[in-house]
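J.: Residue numbers (the numbering used here): 20 to 184. Ideal Cβ positions, reconstructed from N, Cα and C, are used throughout, including at glycine. Just so you know, these numbers come straight off a predicted model, no measurement behind them. Just passing along the structure, written as structure tokens.
Below is the structure:
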């Protein structure tokens, strides 16, 4: 609960009480908010994730998902973990299409504006991909399993290794 005069530095916060009272429907596929109060014609409102094309605002001290435009010649592609602004970063992500929702972490104490079309990408063929199919028989390619176990052993601290392997 916050008082009515509390300054919220980001827009778009709707409570469950509002959504229920006005029979709201959020359509993420079409990025629309439909408000259908009784005895009044329903209204559809566009949901915008950007203020200006390719510029998006990140609330302070937040982890959010933002729609990025990926410029790659081939999909799927890899977006490697990177800092996109001071104290703003994205994790390694596989993008399957030119417009992809990506998690963004802002550890600043203020709103930060980021460009959503400037991520560095790599081709997925540049990486070795180890696949594990649970339907394979027990006599699967043991070399592949050994590589995966070796990779896991090297990336986790000792106490986590025992839990995984």
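1) By Cβ distance, which residues of its chain are closer than 6 angstroms to residue 129, with the 5 residues on each side in sequence left out?
2) Between residue 149 and residue 172, how many whole angstroms is the CB-CB distance? I'm expecting something under 8 angstroms.
3) Look up residue 53 in the DSSP assignment and say whether it is helix, strand or coil.
4) Could you tell me which residues DSSP puts in a beta bridge with residue 162?
5) Shortest alpha-carbon distance to residue 97 belongs to which of 81, 131, 136, 110?
6) Does DSSP put residue 156 in a helix, a strand or coil?
7) Between 47, 36, 43, 95, which lies nearest to residue 59 when the distance is taken from Cα to Cα?
8) Where does residue 167 land, buried or exposed, given buried means 16+ other C-beta within 10 angstroms?
9) Given a cut-off of 9 angstroms, decide if residue 140 and residue 99 are closer than it, judged by their beta-carbon atoms.
10) Taking C-beta to C-beta, are residue 121 and residue 146 nearer than 9 angstroms?
11) Is it true that the CB of residue 72 sits closer than 9 angstroms to the CB of residue 117?
12) Using the rule of at least 16 other Cβ atoms within 10 Å of the residue's Cβ for burial, across every protein chain shown, is residue 165 buried or exposed?
13) Could you tell me whether the Cβ atoms of residue 46 and residue 52 are closer together than 9 angstroms?
14) If you draw a straight line from the alpha carbon of residue 144 to that of residue 161, how long is it in whole angstroms?
15) What residue does the alpha helix (DSSP H) around residue 65 start on, and which one ends it?
T.: Based on what the coordinates show:
1) 79
2) About 14 angstroms; that fails the 8 angstroms criterion.
3) strand
4) According to DSSP, residue 162 bridges with nothing at all.
5) 110
6) Interpretation of residue 156 is limited by its pLDDT of 48, a score under 50 that renders its predicted location unreliable; the figure taken from the coordinates is listed afterwards. In this structure, residue 156 counts as coil in the three-state DSSP scheme.
7) 43
8) exposed
9) yes
10) no
11) no
12) exposed
13) yes
14) 23 angstroms
15) Residue 65 -> not in any alpha helix (DSSP H); beta strand (DSSP E) instead, spanning 62-65.
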